[in-house]
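Have a look at the structure below before the remarks.
Number of protein chains: 2
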Amino acid sequence: MIKIVTDIRGMQEQCDTLRKKGKTLVLIPTMGYLHDGHLSLIREGRKRGDFLVVSIFVNPTQFGPREDFKAYPRDLKRDVELIKPEKVDAVFYPDAQEIYGHGFQTSVRLSKLPKYLCGRSRPIHFTGVATIVAKLFNIVRPHVALFGQKDFQQLLVIRQMVKDLNFDIEIVGVPTVREPEGLAMSSRNAYLTAEQRPAAQSLFQSLEEAKKQVLSGETDAAKIIQSASERIRAYMEAVIDYIIVCDPETLEPMEHITKPALMALAVKIGNTRLIDNMMLLPESGADPNPGR
Amino acid sequence: MIKIVTDIRGMQEQCDTLRKKGKTLVLIPTMGYLHDGHLSLIREGRKRGDFLVVSIFVNPTQFGPREDFKAYPRDLKRDVELIKPEKVDAVFYPDAQEIYGHGFQTSVRLSKLPKYLCGRSRPIHFTGVATIVAKLFNIVRPHVALFGQKDFQQLLVIRQMVKDLNFDIEIVGVPTVREPEGLAMSSRNAYLTAEQRPAAQSLFQSLEEAKKQVLSGETDAAKIIQSASERIRAYMEAVIDYIIVCDPETLEPMEHITKPALMALAVKIGNTRLIDNMMLLPESGADPNPGR
Chain B
24 MIKIVTDIRG
34 MQEQCDTLRK
44 KGKTLVLIPT
54 MGYLHDGHLS
64 LIREGRKRGD
74 FLVVSIFVNP
84 TQFGPREDFK
94 AYPRDLKRDV
104 ELIKPEKVDA
114 VFYPDAQEIY
124 GHGFQTSVRL
134 SKLPKYLCGR
144 SRPIHFTGVA
154 TIVAKLFNIV
164 RPHVALFGQK
174 DFQQLLVIRQ
184 MVKDLNFDIE
194 IVGVPTVREP
204 EGLAMSSRNA
214 YLTAEQRPAA
224 QSLFQSLEEA
234 KKQVLSGETD
244 AAKIIQSASE
254 RIRAYMEAVI
264 DYIIVCDPET
274 LEPMEHITKP
284 ALMALAVKIG
294 NTRLIDNMML
304 LPESGADPNP
314 GR
Chain U
24 MIKIVTDIRG
34 MQEQCDTLRK
44 KGKTLVLIPT
54 MGYLHDGHLS
64 LIREGRKRGD
74 FLVVSIFVNP
84 TQFGPREDFK
94 AYPRDLKRDV
104 ELIKPEKVDA
114 VFYPDAQEIY
124 GHGFQTSVRL
134 SKLPKYLCGR
144 SRPIHFTGVA
154 TIVAKLFNIV
164 RPHVALFGQK
174 DFQQLLVIRQ
184 MVKDLNFDIE
194 IVGVPTVREP
204 EGLAMSSRNA
214 YLTAEQRPAA
224 QSLFQSLEEA
234 KKQVLSGETD
244 AAKIIQSASE
254 RIRAYMEAVI
264 DYIIVCDPET
274 LEPMEHITKP
284 ALMALAVKIG
294 NTRLIDNMML
304 LPESGADPNP
314 GR
């Protein structure tokens, strides 16, 4: 049986005891409704320590007022079944009252990275993310924490916060897991109807096409974005939030792809907002996984 | 010889090693130019753990553009001499480059407590304080940290941050140490000329008078503030920033002193901004030190 811990004090004390015994602690923060992407994080995390904590908390403060906080899929029983074979040592599953009790008023903010990509249409999102992750880091005090590269900007935000606030924690970025047709795994894929799937798959297809274009010598970011945009817009139900080619460390837009670049996009398919990203490598031999 | 550590990594590793050995770590964050108030923190801290770290860092981000960051007194040699008899185990003395290196962009903010008292005229101050203290907490990872009650609002901000971000650290507030005439000890007292001292002493005198008024049955905060204001304004060189009677937990202004209240004030004497505070107790028997 996987141990499910719902109180902060209990989690903190258990982790503290294990740390004092010299155990290496690993944390994988999630919002639940787990999929193969999470299982990949768990398997990678398993190799990196003795005690593996998966946190499941749908964090209200990272959702905007018109976003899908209420609709976000939740199913603890299903999640626990799914990770049973994975040797997870504890699931941290607090409620919002436990996390944001009476008088809560502190936030962790970054001034630069959230200006780009998803931060433009989700202005409070990364403050919510940085704050909850700082809390989880102080509750579990892991030696290692793992995050998916699908949420590339989130990974950069966490890395920067860890560096800036001197958390003594190794942050590991794990490559995106995809469905057979290429769609990046996401809990939000559960929202998609069968009819919407071809449109959803156009995100990956447009990234793949961009990658080939750059390998074939195209360096003009505007042209690459244009052709991705056309491919996605071919689907009536797809509304592009952004498609951008940018520096994979600062997220500042790049016009000319003369060094490895990140192509990232966010598209609404009906009511479902999907994101994806891929590295574009102008020459062979460069690191295809700078987020790792 | 007291060990002086200037690099984050060195401090973090040393503290980590001691913690693994079961030692109790104590941190006293300061901006240096130490005085008897700091020595009182150190002596109290000494009782509470095995390894006592005093940090000395004049934190630029908690000073406003027109404040005294450049003029703030600094003298490491003098500080080290002063604490020699006190059995301090390490002085953490980083420079600004070490603390806020390339690309720094993260801050810790509180939404309510900084709206009052000093936060009104120093809008960025408590963000600077909360951020540097969060960093110091992650570098030293103390079991206990001590702060002076003279900076009462700072003490509340730190307590709230610790609670909100789940730092597993005990925060101890230590009573204000005063000069024989009552002036609260402060590094900034070094700015005062002999001629300015009587004006500076009027802060304590007005707080003492208020305390007596309340003990004699006065419950009208406006009247108490009025009489303190008159006493201080009697000195030409004194310019009042604020005098307030407030709830000692939320810092919200109180009109009627029917329960223990905090009276706090900030006054500029020439170019020197001084602060002080005192608990006003309408009945005997209430806790005179809620900040402890």
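Respectively, the protein sequence lines represent chains B and U.
Under the working numbering, the very last position in the first sequence is 315; numbers go up by exactly one each time.
Under the working numbering, the very last position in the second sequence is 315; numbers go up by exactly one each time.
We treat Cβ as the ideally placed atom computed from N, Cα and C, and that holds for glycine.
Just so we're clear, the structure is a prediction, and the values are computed from it rather than from any experiment.
CB contact check: residue i to chain B, cutoff 8 Å
| i | result |
| --- | --- |
| residue 264(U) | no |
| residue 47(U) | no |
| residue 219(U) | no |
| residue 183(U) | yes |
Secondary structure of residue i, DSSP reduced to three states
| i | result |
| --- | --- |
| residue 24(U) | coil |
| residue 259(U) | coil |
| residue 200(B) | coil |
| residue 78(U) | strand |
| residue 187(B) | helix |
| residue 166(B) | coil |
| residue 207(U) | strand |
| residue 296(U) | strand |
| residue 265(B) | strand |
| residue 279(B) | strand |
| residue 108(U) | helix |
| residue 138(U) | helix |
| residue 48(U) | strand |
| residue 301(U) | strand |
| residue 286(U) | strand |
| residue 241(U) | coil |
| residue 62(U) | helix |
| residue 194(B) | strand |
Given residue i as reference, the closest of the options once Cα atoms are compared
| i | options | result |
| --- | --- | --- |
| residue 164(B) | 234(B), 155(B), 104(B), 192(B) | 192(B) |
| residue 45(B) | 166(B), 27(B), 154(B) | 166(B) |
| residue 71(B) | 90(B), 114(B), 289(B), 51(B) | 51(B) |
| residue 297(B) | 260(B), 280(B), 198(B) | 260(B) |
| residue 34(U) | 234(B), 32(B), 189(B) | 189(B) |
| residue 106(B) | 283(B), 272(B), 63(B) | 63(B) |
| residue 206(B) | 195(B), 222(B), 218(B), 194(B) | 222(B) |
| residue 31(B) | 224(B), 78(B), 177(B) | 78(B) |
| residue 289(B) | 262(B), 201(B), 217(B), 158(B) | 262(B) |
| residue 210(B) | 110(B), 73(B), 266(B), 58(B) | 58(B) |
| residue 182(B) | 81(B), 271(B), 89(B) | 271(B) |
| residue 24(U) | 53(U), 265(U), 104(U), 305(U) | 104(U) |
| residue 97(U) | 247(U), 283(U), 118(U), 140(U) | 118(U) |
| residue 157(B) | 143(U), 172(U), 131(U) | 131(U) |
| residue 283(B) | 246(B), 75(B), 264(B), 303(B) | 303(B) |
| residue 82(U) | 159(U), 291(U), 172(U) | 159(U) |
CB of residue i within 8 Å of CB of residue j, strictly
| i | j | result |
| --- | --- | --- |
| residue 135(U) | residue 128(B) | yes |
| residue 112(U) | residue 55(U) | no |
| residue 280(U) | residue 268(U) | yes |
| residue 152(B) | residue 114(B) | no |
| residue 170(B) | residue 147(B) | no |
| residue 301(U) | residue 230(U) | yes |
| residue 175(U) | residue 285(U) | yes |
| residue 258(U) | residue 225(U) | yes |
Residue burial classification, residue i (beta-carbon count within 10 angstroms, cutoff 16)
| i | result |
| --- | --- |
| residue 212(B) | buried |
| residue 154(B) | buried |
| residue 126(B) | exposed |
| residue 239(B) | exposed |
| residue 26(U) | exposed |
| residue 199(B) | buried |
| residue 308(U) | With a pLDDT of 46 at residue 308(U), under the threshold of 50, the modelled position of this residue cannot be trusted, and the question is left open. |
| residue 94(B) | exposed |
| residue 145(U) | buried |
| residue 108(U) | exposed |
| residue 287(U) | buried |
| residue 37(U) | buried |
Min CB distance residue i to chain U below 8 Å
| i | result |
| --- | --- |
| residue 131(B) | yes |
| residue 35(B) | yes |
| residue 157(B) | yes |
| residue 24(B) | no |
| residue 176(B) | no |
| residue 229(B) | no |
| residue 277(B) | no |
| residue 190(B) | yes |
| residue 79(B) | no |
| residue 91(B) | no |
| residue 82(B) | no |
| residue 161(B) | yes |
Any non-hydrogen atom of the ligand PLP within 7 Å of residue i CB
| i | result |
| --- | --- |
| residue 117(U) | Summarising the ligand content, the structure contains no ligands, and the ligand PLP is consequently not present. |
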